[in-house]
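K.L.:
Got a structure here, written out as structure tokens. Questions coming.
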Amino acid sequence: MIITVRKLVKRFGLKTVLRGMDFSVAPGEFVALLGPNGAGKTTFLRILASLSRPTIGQVSIAGYSLPHQAAAVRRRLGVVSHLPLLYGDLTADENLRFFARMYDIPQADKRISDVLEMVGLASRRRDLVRTFSRGMQQRLAIGRAVLHDPEVMLFDEPHTGLDQDACQMLDTVLQEVAARGRTVVMTSHDLARVGDLASRFDILSRGVITSSIQRSEIDPNNLLAYYRQAIAEA
Amino acid sequence: MEPISQAEKQLTRKSSAPGFGQFIRAVSAIIWKDLAAELRSRELLSAMLVFALLVILIFNFALELDASTRAAVTAGVLWVTFAFAGTLGLNRSMAMEKDRGCLDGLLLAPVDRSAIYFGKAVGNLIFMLIVEAIVLPVYSVLYSVNLFNPGLLLVILLGSIGYVAVGTLLSSMAVQTRTRDVLLPVLLFPLVIPILIAAVKGSTGFLQGVDSVDIRPWINLLLVYDVIFIAASFMVFDYIVEE
Numbered sequence: 099m100i101i102t103v104r105k106l107v108k109r110f111g112l113k114t115v116l117r118g119m120d121f122s123v124a125p126g127e128f129v130a131l132l133g134p135n136g137a138g139k140t141t142f143l144r145i146l147a148s149l150s151r152p153t154i155g156q157v158s159i160a161g162y163s164l165p166h167q168a169a170a171v172r173r174r175l176g177v178v179s180h181l182p183l184l185y186g187d188l189t190a191d192e193n194l195r196f197f198a199r200m201y202d203i204p205q206a207d208k209r210i211s212d213v214l215e216m217v218g219l220a221s222r223r224r225d226l227v228r229t230f231s232r233g234m235q236q237r238l239a240i241g242r243a244v245l246h247d248p249e250v251m252l253f254d255e256p257h258t259g260l261d262q263d264a265c266q267m268l269d270t271v272l273q274e275v276a277a278r279g280r281t282v283v284m285t286s287h288d289l290a291r292v293g294d295l296a297s298r299f300d301i302l303s304r305g306v307i308t309s310s311i312q313r314s315e316i317d318p319n320n321l322l323a324y325y326r327q328a329i330a331e332a
Numbered sequence: 100m101e102p103i104s105q106a107e108k109q110l111t112r113k114s115s116a117p118g119f120g121q122f123i124r125a126v127s128a129i130i131w132k133d134l135a136a137e138l139r140s141r142e143l144l145s146a147m148l149v150f151a152l153l154v155i156l157i158f159n160f161a162l163e164l165d166a167s168t169r170a171a172v173t174a175g176v177l178w179v180t181f182a183f184a185g186t187l188g189l190n191r192s193m194a195m196e197k198d199r200g201c202l203d204g205l206l207l208a209p210v211d212r213s214a215i216y217f218g219k220a221v222g223n224l225i226f227m228l229i230v231e232a233i234v235l236p237v238y239s240v241l242y243s244v245n246l247f248n249p250g251l252l253l254v255i256l257l258g259s260i261g262y263v264a265v266g267t268l269l270s271s272m273a274v275q276t277r278t279r280d281v282l283l284p285v286l287l288f289p290l291v292i293p294i295l296i297a298a299v300k301g302s303t304g305f306l307q308g309v310d311s312v313d314i315r316p317w318i319n320l321l322l323v324y325d326v327i328f329i330a331a332s333f334m335v336f337d338y339i340v341e342e
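Here's what the structure looks like:
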């Protein structure tokens with residue numbers, strides 16, 4: 099397993115968000131993490147991304163445990179959230195160049211050109227990010243996340259705030275990311291969209307995984323009914 | 100697209116253990132990023148400069164003092180100006196990281212998080228020194244005081260380092276709250292009282308031509324304060340920025 103989580107608990111003061119959660123992902127899997135608002139999806143992804151410390155429990159990614167080997171984990175992770183994590187006053191090229199230096203990427207020029215080509219922004223590389231549309235910023239955010247060629251990608255509701263065209267373009271990029279053999283964990287509220295992308299669907303409710311099903315075991319058209327039933331039974 | 104090959108992974112990835120070289124590269128990357136962004140927006144420097152110049156102008160008109168009194172309060176007014184303008188800069192610098200989730204982007208980098216602290220602190224120090232370099236000549240003219248004294252410049256440098264060392268740490272804490280603009284000065288000013296006292300005493304000593312033996316304790320205090328707070332920030336920054 100490339101991601102292993104055992105008995106994970108996360109508390110913020112008196113509020114317990116994750117309640118002894120177990121979770122594992124095999125290399126190359128694309129897991130859609132579904133659940134209602136407040137279920138703990140974002141908190142869980144932030145713990146996997148080493149942005150938040152577990153209160154109790156064990157988390158390991160690619161054989162490295164959190165939080166003790168966080169730098170080694172971060173080198174193997176790419177994270178995309180609904181915020182772009184990019185600097186508006188820098189150009190697309192400068193943003194990627196900055197992150198290439200932070201990740202110590204050799205032959206950065208070639209890698210940056212390849213990534214900009216992949217996300218369809220090669221012609222806008224000299225433009226300031228603050229002049230980009232929301233969809234373009236999100237595509238560049240994916241470019242930033244894959245720049246160091248991570249083994250594991252975490253997507254936290256990447257479609258939030260995007261129009262239909264931008265969502266479709268984003269899905270194309272997501273499919274390309276998955277096709278490269280990367281392991282993906284994505285949270286989303288858009289069941290129709292993740293139904294076409296993911297290879298496994300996990301339902302997170304009240305801080306634990308209540309249900310899990312492989313795509314081969316369910317017709318994507320029945321995903322909404324499965325989700326509703328899983329939430330109702332939780 | 101082709102699947103990731105082992106050779107490609109080796110090409111795009113170095114050792115998992117980041118060394119000192121990578122630490123320095125990360126620090127310099129953050130400084131470069133802050134300077135490049137500021138060169139474009141000019142938000143931070145212009146706000147600090149306008150504020151600092153307004154403060155010294157207001158003090159100049161409010162304190163219509165005779166020459167001897169003026170010499171006694173010059174250093175105090177100077178450091179009040181630097182402290183207030185510095186707070187403005189520290190707030191803006193961290194707010195830039197919070198917008199669009201950039202701070203998370205920084206924290207996701209596989210570097211020791213103290214590199215992020217040092218990069219931000221050096222960037223903030225550069226902005227503060229630029230403002231001081233512009234304010235000092237104006238101040239010198241308005242208050243008829245020769246501020247270009249090597250000893251005074253040393254005190255300003257040491258005072259600014261201490262102020263920025265604490266300020267960068269606290270601004271990274273304050274930026275995660277809704278009341279960040281108010282919280283930073285509330286947290287910062289009590290902690291920098293020792294440095295402001297030492298800086299004002301040291302500056303006054305150099306301006307009034309006091310014997311260097313009498314000024315040395317204040318310089319030593321500034322040095323000790325700088326070392327302690329840089330070391331403390333190095334140790335706790337990781338815990339402050341992580342949830």
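Note that the protein sequences, when read in sequence, are chains A and B. The first sequence begins at 99 in this note's numbering and counts up one residue at a time. The second sequence begins at 100 in this note's numbering and counts up one residue at a time. Each residue gets a CB set at the ideal place from its N, CA and C atoms; glycine is no exception. All figures in this text were calculated on a predicted structure; none of them were measured in a lab.
Along the chain, where does the alpha helix (DSSP H) that runs through A/R291 open and close?
P.N.:
First-last of the alpha helix (DSSP H) with A/R291: 289-295.
K.L.:
State the start and end residues of the unbroken alpha helix (DSSP H) segment that holds B/I129.
P.N.:
B/I129: member of the alpha helix (DSSP H) spanning 119-140, first to last residue.
K.L.:
With a Cβ-Cβ cutoff of 9 Å, do A/L194 and A/L245 count as a contact?
P.N.:
In this structure, the beta-carbon distance from A/L194 to A/L245 falls below 9 Å.
K.L.:
Can you name, in chain order, every residue of its own chain whose Cβ lies under 6 Å from the Cβ of B/A297, other than the five neighbours on each side?
P.N.:
W317, L320, L321
K.L.:
With the cut-off set at 9 Å, would you say A/R151 and A/L164 are in Cβ contact?
P.N.:
yes
K.L.:
Can you give me the start and stop residues for the alpha helix (DSSP H) that A/F142 sits inside?
P.N.:
139-146
K.L.:
Can you list, in chain order, the residues of its chain whose CB lies under 8 Å from that of B/A182, leaving out five sequence neighbours each side?
P.N.:
The answer, listed in chain order, is Y262, F288, V291, L295.
K.L.:
Per DSSP, A/I101 forms a beta bridge with which residues?
P.N.:
A/V123, A/I159
K.L.:
Is it right to say B/D325 is buried, meaning 16 or more other beta carbons lie within 10 angstroms of its own, or is it exposed?
P.N.:
buried
K.L.:
Please decide whether B/S302 counts as near chain A, where near means a Cβ-Cβ distance under 9 Å.
P.N.:
no
K.L.:
Does the CB of B/R191 have a neighbour CB from chain A at under 9 Å?
P.N.:
no
K.L.:
Consult DSSP for A/R326 and reduce its assignment to one of helix, strand or coil.
P.N.:
Here DSSP, grouped into helix, strand and coil, assigns A/R326 to helix.
K.L.:
Is there a Cβ of chain B sitting closer than 9 Å to that of A/G186, yes or no?
P.N.:
yes
K.L.:
Consult DSSP for B/P102 and reduce its assignment to one of helix, strand or coil.
P.N.:
Because B/P102 sits at a pLDDT of 44, beneath the cut-off of 50, its placement in the model cannot be relied upon, and the point is left open.
K.L.:
Starting from A/A332, trace the beta strand (DSSP E) in both directions and tell me its first and last residue.
P.N.:
No beta strand (DSSP E) contains A/A332, which DSSP labels as neither H nor E.
K.L.:
Alpha carbon to alpha carbon, how far is B/V281 from A/L112? Give it in angstroms, no decimals.
P.N.:
26 Å
K.L.:
State the DSSP-derived secondary structure class of B/T180, mapped to helix, strand or coil.
P.N.:
Helix at B/T180.
K.L.:
If you draw a straight line from the alpha carbon of B/F150 to that of B/N190, how long is it in whole angstroms?
P.N.:
14 Å
K.L.:
For B/K197, write down the residues that DSSP places opposite it in a beta bridge.
P.N.:
Bridge partners of B/K197: none, in fact.
K.L.:
Please state the DSSP three-state secondary structure of A/D225.
P.N.:
coil
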